[in-house]
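One structure is given here, and the rest of the page talks about it.
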Amino acid sequence: MSTSRRTALRRVGLLVLVINAGLVLAKGAVWWYTGSLAVQSEAVNSLADTVYSVVTVGGLYLTTQPPDFEHPHGHERIEPFVSLFVALGVFAAGIGVLYQAARTALTGDVSVTRNFAAVAVLAGTVVVKYGLYRYVIAVGREHSSPALRATAIDNRADVLTASAALVGVVGATLGYPLLDPIAAFVVAFGILYTGVEIVQDNVNYLVGRAPPADLRKRIVRRALAHPDVEGAHDVIAHYVGPEIDVSLHIEVEGDRTLREAHDIETAVIQSIQALPEVDDVFVHVDPKELGEWKDDEEVNRLVEPGEE
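In this text, residue positions in the sequence shown follow the working numbering: the first is 1, and each later residue adds one.
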């Protein structure tokens, strides 16, 4: 792992933690002052965000540790587990808010908010969370970090749920107090949907899903770009944690010396490993005379003219 990736992930994790902690204090103070259920639900949401941010910071610290004897490929594979822990926290927060909103709506004990402090803190949350979402998703994509992408998805949902809570508070201020628990329901379902998104994204990393088609095309085309490679088959690319392992057979003329075959294999490996998403590459060289060259429909599809 490069030093820049290590620094970026740790920096983002700490930034998210500080902002979420600040929002807990701001929302908690406004809820205590106004009694708004929508603000309370948002405070619970931010508290959950803060708790999982602590775990995320710890997880990012572990995943950015250099390789060692027991983990020769590094610790990046911890990241999907960090993301799933984030999802558990998100689910817990969503269920808690949903329970509180349902209890309040059924009992009719609706706290009426008629204070602009609630409007201000929720509007501020929308602005802060949108800016945080844009920043975190950009860093997560740049460094292929599932933990940061999970955090970004949660921040995006926070924009929507804070907006819904803002609608509820404004409605209560204008004399429609029932909008407050209704907004809390929206917040709860938004939180739960976010948890589902995070789980779907990260389970794929743990079950060895194939990478997107455009990346598979780049892998195959880099192998075939070598002037001495006549073809390729049995190309397998799959996620191992957030990174991709690749294995493939390349076809070369059988009159190559052992040194020449080694140089071809090394060049293909280095070319594919230059892709930032790829970790390990395993190449098997098939000489023509052994009769192991074969037509591979998937490879043919990926290198078809006009397919980009």
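Using N, Cα and C, we set each Cβ at its ideal position, and we do this for glycine too.
Everything numeric in this text was worked out from a predicted model, so none of it was measured.
Do residue j and residue i come within 8 Å of each other at the CB atom, strictly closer than that value?
i, j, result
"V119", "V44", "no"
"R259", "H143", "no"
"A183", "A165", "yes"
"V285", "I269", "no"
"G13", "L60", "yes"
"D234", "H249", "yes"
"I244", "P211", "yes"
"I191", "G58", "no"
"A237", "E251", "no"
"A117", "V30", "yes"
Can you list, in chain order, the residues of its chain whose CB lies under 8 Å from that of residue i, leaving out five sequence neighbours each side?
i, result
"V86", "Y52, V55, T56, A147, A150, T151, D154, I198"
"R10", "V57, L60, Y61, T64"
Could you spell out the range, first to last residue, of the beta strand (DSSP E) harbouring residue i?
i, result
"I250", "243–252"
"P287", "278–287"
Near residue i, which residues of its chain fall below 7 Å by C-beta distance, leaving aside the five closest residues on each side in sequence?
i, result
"L179", "V167, G168, G171, A172"
"V24", "A43, S46, L47, T50"
"Y133", "A152, N155, R156, V159"
"I19", "V128, L132"
"L206", "P80"
Can you tell which of the options has its C-alpha closest to the C-alpha of residue i?
i, options, result
"S247", "L275, L192, V283", "V283"
"L98", "Q65, A38, L132", "A38"
"V127", "A117, G140, L106, A162", "A162"
"K27", "T125, P66, S83", "T125"
"V203", "Y33, A138, R77, Y130", "R77"
"Y193", "A261, G89, V136, Y135", "G89"
"V16", "Y130, G254, A274", "Y130"
"V82", "G241, W293, D255", "G241"
Specify, as a first and last residue, the run of the alpha helix (DSSP H) that residue i falls within.
i, result
"H238", "It is not in any alpha helix (DSSP H) - H238 instead sits in the beta strand (DSSP E) that spans 231–240."
"D158", "146–173"
"L88", "79–107"
"G124", "116–142"
"H262", "258–273"
Leaving out the 5 sequence neighbours to the left and right, which residues in its chain are closer than 6 Å to residue i when beta-carbon positions are compared?
i, result
"V186", "A164"
"R209", "Y239"
"E298", "none"
Check: Is it a yes or a no for the segment 198–208 touching the segment 223–230, going by three-plus beta-carbon pairs under 8 Å?
Finding: Contact fails: fewer than three Cβ-Cβ distances are below 8 Å.
Next item on the list: Kindly confirm or deny that the segment 85–103 and the segment 120–131 touch, where touching means at least three C-beta pairs closer than 8 Å.
Entry: No, the segment 85–103 is not in contact with the segment 120–131.
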